[in-house]
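> Okay, handing you the structure first.
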Amino acid sequence: MPVGRTAGSLLGAMLMVLFRVISPEDAYAAIDLPIIGLLFGTMVVSIFLERADMFKYLGNLLSWKSRGSKDLLFRVCIVSAIASALFTNDTCCVVLTEFILKVARQNNLPPQPFLLALATSSNIGSAATPIGNPQNLVIAVESGISFGQFLLGVFPAMIVGVLTNAAILLCYFWKYLSVEKDQEGGQPAGPEVVADDEVTSHRFTPARMSHVSSLNPDDMDCISEPIIRSNSVRSTSANENLRSRSVNSEADIQLAIKSLRASSMSHEMVEVSTVTDRRDEGASSRKFTRTASQQRSVIIEDSPPSPDSNGEKEKEDEVAEKRWRVFVWKTAVYLITLGMLIALLMGLNMSWTAITAALVLLALDFTDAQACLEKVSYSLLIFFCGMFITVDGFNKTGIPNTLWELVEPYSRIDSAKGVALLAVVILILSNVASNVPTVLLLGTRVAASAAAISHDSERKAWLILAWVSTVAGNLTLLGSAANLIVCEQARRAQFFGYNLSFWSHLRFGVPSTIVVTAIGLLIVTSY
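Quick note, the sequence shown lines up with residues 1 to 527 if you use the UniProt record's numbering.
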């Protein structure tokens, strides 16, 4: 009975200790704290970036001046790949799935190609940096490869791989993206571009009412105060007309009565109109009258400020101050994240750099950190702890060494056949045992085999492991956590739900994974 990856890793760790394959002390020592710290820090930074609307801006970039379905598909591939390289693939899939699904539905487009583009491109893009996915974190810490060297070694392959994957998607779904749907009126129409202000977040928000100025002139009397027109108007009849208007407040009626009684020109009045000048800073209302002799507007009386005007002004000041604080806070989040990336490129310790950035963000938030820390995926951290113990115990059984000795002579990376065989082994293990256990099992062995050739070959072997184990997640729906996140998020999406099946993913995933892996290997091995 499936228990999930977190419970499975803890079960494996418990069995290793229970059957004395590994001692409790060795089990604690097997947990790699630098990897746990790096993973925790990157998750906290990603949470703050989501709060700072970074992913909303990325979503707006998808619909900004879109030129149709194919252009939208290409944008999904590029944006999700770059975002995954910086903010991890799982995070991008969580926050972008519903938004992309909503854009596809509103443009009358089939959701399947866009969901596949998000899942596959996120996996490919996450291979470019050590912080893109969990297995890359393991590789970066165990290999000692700096952030810059990792980026230079895999980034060209990532760019070519994303473009290749986008081309395969366009070829595979060309007919679906080219079919024009009939609207209710029977007229054929292509995909309609969603306006920027209609799609602003992956969360569903109620539609906003249009501004009053956008209404028709005939409809203005439903909102604004109508103008009273008559040939002879007495103060009593004016009072009755004013009372009959349901849109006027009681305070406005009293002010109008006071103005009319104070005027000595009530018998010459031919028209009374109440004009309310509502400015952003909250101006007071003024009553204007026109006389028959002068045919011009004369200000009878300036109405005193309403009791609520001062309160409204204070509220507007508070809103402006809050907006300024939000702007400063968002800017601080972006600058701290940029500083973290610069520190990583400079070769500083990745774990402590990520932890420091996370702690600075928590301190500058000036609120209780509980709400933010509750969003951290502690199940993933526990999964890693259990997996470290399980893999360490499994290595002590001698079974992995025996199997590797059978494969190692034929999988050296100094030959094309060796690279191909190694890639096949990584590809299969990543889909059978998941990519993180595969990296933990093969990492040191592949590096040791390549180190016998040269120092550069050792670094190249780590990069090959990072590339293949990451792209292998696109083979099946179960090959990557990002795939499952997209599938589950799409299925649960309110009003825009879609079920991405295992076989629909497999039909595209197999050819795409093989082609992208092969092209990427040619680039990585030439580095």
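Yeah, the Cβ is synthetic: ideal placement off N, Cα and C, and Gly gets one too. From a predicted model like this one, the values you see are computed outputs, not experimental measurements.
Report buried or exposed for G509, applying the criterion of at least 16 other Cβ atoms within 10 angstroms of its Cβ.
buried
> Alpha carbon to alpha carbon, how far is E374 from residue 539? Give it in angstroms, no decimals.
Any property of residue 539 remains undetermined from this structure, which presents the chain solely from 1 to 527.
> Using DSSP with H/G/I as helix, E/B as strand and the rest coil, what is T513?
helix
> Between which two residues does the alpha helix (DSSP H) containing I488 stretch?
Reading the sequence as shown, one finds Glu at residue 488 and not Ile. Run containing E488: A481 to R492, per the alpha helix (DSSP H) assignment.
> Counting C-beta neighbours from all protein chains within 10 Å, is the total for I464 16 or more, i.e. buried, or is it exposed?
buried
> How many whole angstroms separate the CB atoms of S351 and P34, which I take to be in contact at a CB cut-off of 8 Å?
Separation of the CB atoms of S351 and P34 is rounded to 4 Å, and the pair is thereby assigned contact status at 8 Å.
> Starting from G393, follow the alpha helix (DSSP H) in both directions and report where the run begins and ends.
Y378 to K396
> Any contact between the stretch 7 to 23 and the stretch 377 to 397? By contact I mean 3 or more CB pairs, one from each, below 8 Å.
yes
> Are three or more beta carbon pairs between the stretch 434 to 445 and the stretch 395 to 414 nearer than 8 Å?
yes
> For E458, which residues of its own chain have a beta-carbon under 7 Å away from its beta-carbon, when the five flanking residues on both sides are left out?
A447, A450 and A451
> Report buried or exposed for R412, applying the criterion of at least 16 other Cβ atoms within 10 angstroms of its Cβ.
R412 should be labelled buried.
> Just to confirm, are N89 and G132 a CB contact at a threshold of 8 Å?
Yes, Cβ-Cβ distance for N89 and G132 is below 8 Å.
> If you draw a straight line from the C-alpha of V138 to the C-alpha of S80, how long is it?
22 Å
> Name the two residues that bound the continuous alpha helix (DSSP H) containing G12.
Where G12 is concerned, the enclosing alpha helix (DSSP H) stretches over R5 to L18.
> Rounded to whole angstroms, what is the Cα-Cα separation between T200 and H505?
Summary for T200: the model assigns pLDDT 36, below 50, so the residue's position carries little reliability; its value from the coordinates is reported in the next sentence. As the crow flies, the alpha-carbon of T200 is around 28 Å from that of H505.
> Under 8 Å between the Cβ atoms of P476 and N431?
Looking at the sequence itself, residue 476 is Thr, so the reference to Pro does not match. Yes.
> Tell me, please, whether the stretch 477 to 489 touches the stretch 157 to 177 by the rule of three or more beta-carbon pairs shorter than 8 Å.
Not touching, per the Cβ criterion.
> If we ignore side chains and look at the alpha-carbon of each, how far apart do residue 601 and K417 end up?
With the chain represented from 1 up to 527, any question about residue 601 goes unanswered, as that position is not in the structure.
> Taking just the CA atoms, how far does Q106 sit from P113?
Taking the Cα positions, P113 is about 15 Å away from Q106.
> To which residues of the same chain is G153 closer than 7 Å at the C-beta, ignoring the five residues directly before and after it?
L463, V524 and Y527
> Just confirm the distance between the C-beta atoms of F502 and R5, as a whole number of angstroms; I'd bet it's less than 8 Å.
In fact, because the Cβ distance is near 18 Å, the residues do not count as touching under 8 Å.
> How many angstroms separate the CA atom of M340 from the CA atom of L403?
41 Å
> Quick check on S415: buried or exposed, where buried means 16 or more other Cβ atoms within 10 Å of its Cβ?
exposed
> Please list, in chain order, all residues of the same chain as S84 whose beta carbon is under 7 Å from its beta carbon, the five residues on each side excluded.
C92, S122, G125, S126 and G132
> Under a three-way DSSP split, which group does W352 fall into?
helix
> Could you check the C-alpha separation between A332 and F40 for me, to the nearest Å?
Going by the C-alpha atoms only, they are around 20 Å apart.
> Just the C-alpha distance for T337 and A357, rounded to the nearest angstrom, thanks.
So the alpha carbons of these two residues sit roughly 7 Å apart.
> In whole angstroms, give me the CA-to-CA distance for R234 and E314.
Because R234 sits at a pLDDT of 40, beneath the cut-off of 50, its placement in the model cannot be relied upon, and the following sentence gives the value as read from the coordinates. For R234 and E314, the distance between alpha carbons rounds to 39 Å.
> Here's the rule I'm using: 16 or more other beta-carbon atoms within 10 Å means buried, otherwise exposed. How should P511 be labelled?
exposed
> How far does the alpha helix (DSSP H) with F40 in it reach, from first residue to last?
L33 to R51
> Under a three-way DSSP split, which group does P191 fall into?
Reliability of the predicted coordinates at P191 is poor, the pLDDT of 36 falling under 50, and no value is obtained from them.
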